[in-house]
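**Q** Residue numbers (this note's numbering): 78 to 452.
One structure coming up, written as structure tokens, with questions to follow.
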């Protein structure tokens, strides 16, 4: 008789059903091995036949999520009595601690540098920061820890050390991105630029707009396709310098499924992954950088040492000062006007993903991590 599959429950209170890390990477990988369910806000109906998603209401306010949604999450989680509870949001640490009281296996998947995030909290009081910091210390002591970045491992191997820790990076799954791969992008018609991710001042939308205005003077047919949630009021976006000069060539698609976005990327010659030098960004990879590489698209990103070690070392794009629009404009012009360089960078990106930066390698680490817990 075949032994029944172990049960796993992934939990998030604020990510969405097309989240690249939770859904496209971890859950799709683990669902092949385990009886896996996901508690997630308002799951997309397209996922009904792919993953067993348990819907909860979507609320943007952290306070109201904690008050109204967390008790519901706890109820839905506890009644399922699974072998591993795997949660993805720092605000769910109290839920994890309660589960530990009942001697459950709990995994805390940390997507960002929490220590830096706590320091950057400007709208919260000293008491709130203290409670948050203390909960973070408890999480190291009582949970199995997964980190999305190597750069903040240091916070978990000093003081109250995490007892079981693995770094599982958010590299792209080749099986998903291969169908969007395009070689010799220089031969595409037009001069289209691609961006995917949240749109905000911290992610340099103001600087990008100014750089595109400069670039348009040299390449009149340039266009920018922007996929992602607009985290700046549109009225404020319209007030940014040079917006009026480029508004007709900035195409906003808002939050879009990755497969739809990357189908459009097949027509683009270069990808933008610009972030300003703020806290967590400096020590964390931007996922889109590797996604662009995986589809053979040259990358223009910030000149952080962490990024330069990938981009310049593998010759897959250019690194620029994220606060200097002329540098961004010049880098775009260099790639768009040099077919040989663009094709070489695109091909190098594909090779780098195949050898070093793919999800398939990380997936092996994830499955071994689970085996350790269940043995």
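Note that the Cβ used here is the ideal one computed from N, Cα and C, for glycine as well.
Treat the numbers as computed from the prediction; the structure is a model and nothing was measured.
Can you list, in chain order, the residues of its chain with a C-beta nearer than 6 Å to that of residue 283? Leave out the 5 residues immediately preceding and following it.
**A** Indexing the chain shown from 1 puts residue 283 at position 206. Only 317 meet the Cβ criterion.
**Q** So, with DSSP's three-state summary, where would you put residue 268?
**A** If you number the chain shown from 1, residue 268 lands on position 191. Note: residue 268 maps to strand in three-state DSSP.
**Q** State the beta-bridge partners of residue 379 as determined by DSSP.
**A** In the chain shown, residue 379 corresponds to position 302, counting from 1. Paired residue(s): 397.
**Q** Looking only at its chain, what residues have a beta carbon closer than 6 Å to the beta carbon of residue 391, apart from the 5 residues adjacent to it on each side?
**A** Here the question's residue 391 lines up with position 314 in the chain shown. If we look at residue 391 and ignore the five residues flanking it on each side, its Cβ neighbours are 425, 429.
**Q** What residue does the alpha helix (DSSP H) around residue 175 start on, and which one ends it?
**A** Here the question's residue 175 lines up with position 98 in the chain shown. From DSSP, the alpha helix (DSSP H) with residue 175 extends over 170 to 178.
**Q** For residue 446, which residues from the same chain have a beta carbon less than 6 Å from its beta carbon, with the 5 sequence-adjacent residues on both sides left out?
**A** Counted from its first residue, the chain shown places residue 446 at position 369. Around residue 446: 243.
**Q** Under 7 Å Cβ to Cβ from residue 211, same chain only, skipping five residues before and after it: list those, please.
**A** Mapped onto the chain shown, residue 211 falls at position 134. So no residue of the chain qualifies.
**Q** What is the rounded straight-line gap between the Cα of residue 444 and the Cα of residue 377?
**A** Within the chain shown, the letter at position 367 stands for residue 444. Within the chain shown, the letter at position 300 stands for residue 377. Their Cα atoms are separated by approximately 33 Å.
**Q** What's the gap between the Cα of residue 355 and the Cα of residue 95?
**A** Working through the chain shown from its first residue, we reach residue 355 at position 278. Working through the chain shown from its first residue, we reach residue 95 at position 18. Whole-angstrom Cα-Cα distance: 26 Å.
**Q** Compare the C-alpha of residue 191 against each of 223, 156, 84 and name the closest.
**A** The residue given as residue 191 occupies position 114 in the chain shown. For the residues 223, 156, 84, the minimum Cα distance to residue 191 belongs to 223.
**Q** Which residues mark the beginning and the end of the beta strand (DSSP E) in which residue 230 is found?
**A** Taking the chain shown and counting its residues from 1, one reaches residue 230 at position 153. Premise fails: residue 230 is in no beta strand (DSSP E) and is neither H nor E.
**Q** When burial is assigned at 16 or more other CB atoms within 10 Å of the CB, is residue 85 buried or exposed?
**A** On the chain shown, position 8 is the one that residue 85 refers to. By the neighbour-count rule (16 or more Cβ atoms within 10 Å), residue 85 is buried.
**Q** What's the C-alpha gap between residue 393 and residue 132?
**A** Position 316 of the chain shown, counted from the start, is the residue given in the question as residue 393. Position 55 of the chain shown, counted from the start, is the residue given in the question as residue 132. Rounded to the nearest angstrom, the two C-alpha atoms are 40 Å apart.
**Q** Please work out which residues of its chain come closer than 8 Å, Cβ to Cβ, to residue 102, disregarding the five sequence neighbours upstream and downstream, and give them in chain order.
**A** The sequence position of residue 102 within the chain shown is 25, counting from 1. Taken in chain order, the residues that qualify are 247, 250, 436, 439, 440.
**Q** Please report the distance separating the alpha-carbon of residue 163 from that of residue 450.
**A** Residue mapping note: residue 163 aligns to position 86 of the chain shown, counting from 1. Residue mapping note: residue 450 aligns to position 373 of the chain shown, counting from 1. Each residue's alpha carbon lies about 12 Å from the other.
**Q** Going by other Cβ atoms of all chains shown within 10 Å of its Cβ, with 16 needed for buried, is residue 335 buried or exposed?
**A** As a first step, residue 335 must be located in the chain shown, where it is residue number 258. The residue in question, residue 335, is buried, as its Cβ has 16 or more Cβ neighbours within 10 Å.
**Q** Relative to the alpha-carbon of residue 432, which residue among 398, 403, 227, 367 has its alpha-carbon at the smallest distance?
**A** Walking along the chain shown from the start, residue 432 turns up at place 355. Closest by alpha carbon: 367.
**Q** Using C-beta distances below 6 Å, list every residue in its chain close to residue 272, excluding the 5 sequence neighbours before and after it, in chain order.
**A** One-based indexing of the chain shown puts residue 272 at position 195. Same-chain partners within the cutoff: 303, 349.
**Q** By a C-beta neighbour count over all protein chains shown, 10 Å radius and 16 as the cutoff for buried, is residue 312 buried or exposed?
**A** Counting from 1 along the chain shown, the entry for residue 312 is found at position 235. Result: exposed.
**Q** Tell me whether residue 445 sits in a helix, a strand or coil according to DSSP, three-state version.
**A** Translated into the one-based positions of the chain shown, residue 445 becomes position 368. Correct three-state label for residue 445: helix.
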